[in-house]
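Only one structure is covered here, and it is reproduced in the block below.
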Amino acid sequence: MQDVFIKDIEKYIGQEVRLKGWVRNIRHSGKLLFIILRDGTGEVQTVAFQPDLGEEAFETAKHLTLESSVIICGIPKPHPKQEGVFELQVTKIEPIQIADEYPIGKKEHGPDFLLSNRHLWIRSQKQWAVLRIRHTVYYAICNYLNEHNFIRFDSPILTPNACEGTTTLFELEYFDEGKAYLSQSGQLYLETGIMSFGRVYDFGPVFRAERSKTRKHLTEFWMMDAEAAFVEHEENMQIQEELIRYVIRTVLAQCALELQILERNTEALKSADATFKRMTHYEAVELLRQKGSDITHSKDLGAQDEVLLTEDSAVPVFVERWPKEIKAFYMKRDPLNPNLVLGDDLIAPEGFGELIGGSQREDNYELLLSRMQAEKMPLEDYQWFLDLRKYGSVPHSGFGIGLERLVTWLSGTPHIRETIPFPRMIYRIYP
RNA sequence: UCCGGAAUAGCUCAGCGGUAGAGCGGGUGGCUGUUAACCACUAGGUCGGGGGUUCGAACCCCUCUUCCGGAGCCA
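The numbering of the first sequence is our numbering, which starts it at -10 and goes up by one.
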């Protein structure tokens, strides 16, 4: 008898097969027993009839509990009531382990309880769907970059100092070398890579010890940083746009079932795959003030501003050319206006907020040095970074994507904590 | 860190000054097509901790703890 995955079951109509999985739900009605079985690839209703199974086996099967592991043999056939759906006519049920009373019931639960049971919650249908979309987004990003001459160049997680001095870092003792920190971005290291490979990216966990407590923040999240030599501001935004649109198309093509389970509005996603809007920070502020925001030209966008800015837009919006005071030291000065830098933020529509932060980098040694001095950065820790401007400096640009932010938007998940297997937040480290 | 809110059965919640409740989940029984199945019976509680007001507190007040939502910061 052949072992098959549930997703392939319709290829075996009328032929006895063996499924291995877990009991999602169980019901019985006299001599009939319905077990909803899931195996990681999908789920299927199995139907057992007492005379087919024998009285003893039937009684045993009736006492299977939610999430018990089980091997079920049977014959796939069309569902008598549902068009295009298949079920399994059971010939044999072999329990592997009878599960204890399962904590996650069939009615709704609160977030605290679910997060405390995250190790079990991931079995639920919606969590399964979100995490499969995460998998698809991850590979889509890598595929795009691999096909566009980017080389994977992993940056270190243990670092001697901050990449951007403003945010809080997780600190630890590093033998006799003093303090070390968990990386909050691999970007500066990536800039070394482009001088060897031209285009590079990294993809891994980064850490922010900010006491952020919103639906958009995790203390540990996965970030893809890309960096490219000889790419200037305009081309940088083109790459970001192409990449995001490629990811949208891939998710729509490969995750139809997952999006359906999550009740994601796929029309909104389809219409986001069109030319992105662009505006300068100055233009964005003008527009926002018309809409009633109290933002000024020297301020960063607030959460409400990001919503206002995209409320009439089906596509993501680039905000570019920012005041240098509110952006990082490494961003290149705008040749048209020395008070601005060539940075861009990409804001997703539907109120989801920032997806990408990118910029052309300052490639002039003197300008970079003076900017670092102005920010009172410890220059001795950054000699290697400054060296890049002394040995064959070139114009270059890069950007970073928060994987979970992107997955949150694409999947339509209300909170970022569901888009990573084990979320780390300021009040939660278990499980 | 700041501003709101919540904590009652394993879970989700109702009860808001006078004997602690429901649905789900568990157990037992019934039913040959169920779809978060249904029906009957059944077990299950120091009402988050501490203090106070009151004849009487799950309920009112103070305090602590834990969590949730939002802001700022950012991806």
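Cβ atoms here follow ideal geometry from the backbone N, Cα and C, with glycine treated the same way.
| Query | Result |
| --- | --- |
| Residue range of the unbroken beta strand (DSSP E) whose run includes residue 216 | 209 to 218 |
| Between the CA atoms of residue 413 and residue 164 - distance to the nearest angstrom | 26 Å |
| Per DSSP, cross-strand counterpart(s) of residue 190 | 141 and 215 |
| Contact between the segment 108 to 124 and the segment 165 to 182 (3+ Cβ pairs under 8 Å) | no |
| Host beta strand (DSSP E) of residue 13 (start-end) | 6 to 18 |
| Coarse secondary structure for residue 414, derived from DSSP in three states | strand |
| Cα-Cα separation, residue 406 to residue 419 | 13 Å |
| Own chain residues within Cβ distance below 7 Å of residue 87, not counting five before or after | 53, 54 and 57 |
| The segment 76 to 85 in contact with the segment 375 to 390 per 3-pair CB rule at 8 Å | no |
| Runs of alpha helix (DSSP H) wholly within the segment 329 to 410 (minimum 4 residues, chain order) | 354 to 363, 372 to 376 and 392 to 400 |
| Nearest residue (CA-CA) to residue 306, options 218, 126, 344 and 259 | 344 |
| Close beta carbons around residue 126, own chain, < 7 Å, minus the five adjacent residues each side | 236, 240, 392, 395, 396 and 399 |
| Nearest-angstrom Cα separation, counted from residue 94 out to residue 225 | 48 Å |
| Spatial neighbours of residue 387 in its chain, beta-carbon cut-off 6 Å, leaving aside the 5 residues before and after | 215 and 216 |
| Sufficient close CB pairs (3 or more, under 8 Å) joining the segment 101 to 121 to the segment 191 to 199 | no |
| Residues of its chain near residue 403, where Cβ-Cβ distance is below 7 Å and the 5 sequence neighbours each way are ignored | 204 |
| Beta-carbon proximity of residue 316 to residue 348, cut-off 9 Å | yes |
| Reduced DSSP category for residue 265 - H, G, I as helix; E, B as strand; rest coil | coil |
| Bridge-paired residues (DSSP) for residue 58 | 11 and 86 |
| Cβ pair residue 186, residue 219 closer than 9 Å | no |
| Cβ distance (whole Å) where residue 322 is taken to contact residue 351 below 8 Å | 7 Å |
| Among 210, 23 and 27, the one whose alpha carbon lies nearest that of residue 9 | 27 |
| Distance, residue 358 Cα to residue 195 Cα | 26 Å |
| Distance between residue 137 and residue 92 (C-alpha atoms, nearest Å) | 47 Å |
| Closest Cα partner of residue 135 within the set 232, 45 and 72 | 232 |
| Spatial distance of residue 3 from residue 106 (CA atoms) | 39 Å |
| The segment 239 to 258 in contact with the segment 359 to 368 per 3-pair CB rule at 8 Å | no |
| Rounded straight-line distance, which links the Cα of residue 22 to that of residue 38 | 6 Å |
| Proximity below 9 Å, CB of residue 12 to CB of residue -2 | no |
| Exposure of residue 416, with buried meaning 16 or more beta-carbon neighbours within 10 Å | exposed |
| Span separating the alpha-carbon of residue -5 from that of residue 293 | 44 Å |
| 7 Å CB neighbourhood of residue 341 in its chain, flanking five on each side removed | 397 and 398 |
| Helix, strand or coil at residue 103 according to DSSP, with G and I counted as helix | helix |
| Reference residue 31, options 71, 75 and 19, closest by Cα | 75 |
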